[in-house]
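Engineer: Submitted below is the structure of interest, expressed as structure tokens.
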Amino acid sequence: MHELFVEAKTENLDTVLEFVNKHIEHCTPKLKNQFGIVVDEIFANISAYAYNPMVGGVTVRIKVDDEIAIEFEDCGIPYNPLTNEDPDIELSAEEREIGGLGIFMVKNLMDSVEYKRYGTNNVLVIKKQADRERRQRHEN
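When the count follows our numbering, it moves up by one through the sequence shown with no breaks and lands on 227 for the last residue.
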């Protein structure tokens with residue numbers, strides 16, 4: 088498992104994306120794009136809400152096998168984004184309540200999304216099966 092620690096500030100998003108992309112460089116463009124969207128969404132939410140108005144850290148861990156697992160850990164306010172109801176995407180943007188689309192996208196793009204609270208830490212783990220092309224290159 089590889090690990091990166093950064094302050095939860097939006098200007099560190101590029102550092103987090105570079106870290107993740109370095110470890111999934113052999114994946115298909117589609118899978119890289121999905122992880123880019125998901126990592127952007129999760130890190131942006133941690134940056135905006137976990138420590139507000141203070142700033143704290145985020146540890147990002149990635150493990151790449153047949154499955155890619157990325158873990159985000161912060162010691163901000165307790166928050167489980169998976170307890171929110173999914174937005175009604177049948178409604179128009181004007182009729183829908185604000186918020187919730189980001190985590191909805193995360194849940195739909197990944198195979199699994201799990202939240203755990205360990206002591207004072209929030210841990211969100213996203214997982215997705217590695218694509219065939221990446222697995223074949225990894226085996227060779």
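Glycine included, every Cβ here is placed at the ideal spot set by N, Cα and C.
1) Rounded to whole angstroms, what's the CA-CA distance from lysine 194 to lysine 96? Just pull it up for me.
2) So the candidates are Val103, Lys215, Leu91 and Phe92; which of them puts its Cα closest to the Cα of glutamate 128?
3) Taking the C-alpha atoms as reference points, what is the distance between glycine 165 and valine 210?
4) If the criterion is Cβ atoms closer than 7 Å, does the pair glutamate 154 and lysine 214 meet it?
5) Let me know the secondary structure DSSP gives glycine 206 once reduced to three states.
6) Using a Cβ-Cβ cut-off of 6 Å (strictly less than) and excluding sequence neighbours within five positions of phenylalanine 130, which residues of its own chain qualify?
7) Do aspartate 198 and leucine 118 have their CB atoms nearer than 7 Å?
8) Flag lysine 119 as yes when its Cβ comes closer than 6 Å to any non-hydrogen atom of the ligand ZN, and as no otherwise.
9) Quick check on glutamate 112: does DSSP put it in helix, strand or coil?
10) Taking all protein chains shown into account, do 16 or more other C-beta atoms lie within 10 angstroms of the C-beta of valine 142, making it buried, or fewer, making it exposed?
Structural biologist: Judging by the given coordinates:
1) Position 107 of the sequence shown, counted from the start, is the residue given in the question as residue 194. Position 9 of the sequence shown, counted from the start, is the residue given in the question as residue 96. In this structure, the alpha-carbon of lysine 194 lies about 23 Å from that of lysine 96.
2) As a first step, residue 128 must be located in the sequence shown, where it is residue number 41. From the listed residues Val103, Lys215, Leu91 and Phe92, the smallest Cα separation to glutamate 128 is found for Val103.
3) Position 78 of the sequence shown, counting from 1, holds the residue named residue 165. Position 123 of the sequence shown, counting from 1, holds the residue named residue 210. The question names glycine, yet the displayed sequence has proline at residue 165. If you draw a straight line from the Cα of proline 165 to the Cα of valine 210, it comes to about 10 Å.
4) Within the sequence shown, numbered from 1, the residue matching residue 154 stands at position 67. Within the sequence shown, numbered from 1, the residue matching residue 214 stands at position 127. Taking C-beta atoms as the reference points, glutamate 154 and lysine 214 count as a pair closer than 7 Å.
5) Here the question's residue 206 lines up with position 119 in the sequence shown. In this structure, DSSP gives glycine 206 a state outside helix and strand, which the three-state scheme calls coil.
6) Along the sequence shown, read from residue 1 onward, the residue named residue 130 stands at position 43. Same-chain partners within the cutoff: Leu100 and Val103.
7) Here residue 198 refers to the residue found at position 111 of the sequence shown. Here residue 118 refers to the residue found at position 31 of the sequence shown. For the 7 Å CB-CB criterion, aspartate 198 and leucine 118 do not form a contact.
8) Questions concerning the ligand ZN fall outside what the structure shown contains, since it holds no ligand whatsoever.
9) Position 25 of the sequence shown holds residue 112. For glutamate 112, the three-state secondary structure derived from DSSP is coil.
10) Residue numbering aside, residue 142 sits at position 55 when the sequence shown is read from its first letter. Its Cβ having fewer than 16 others within 10 Å, valine 142 is exposed.
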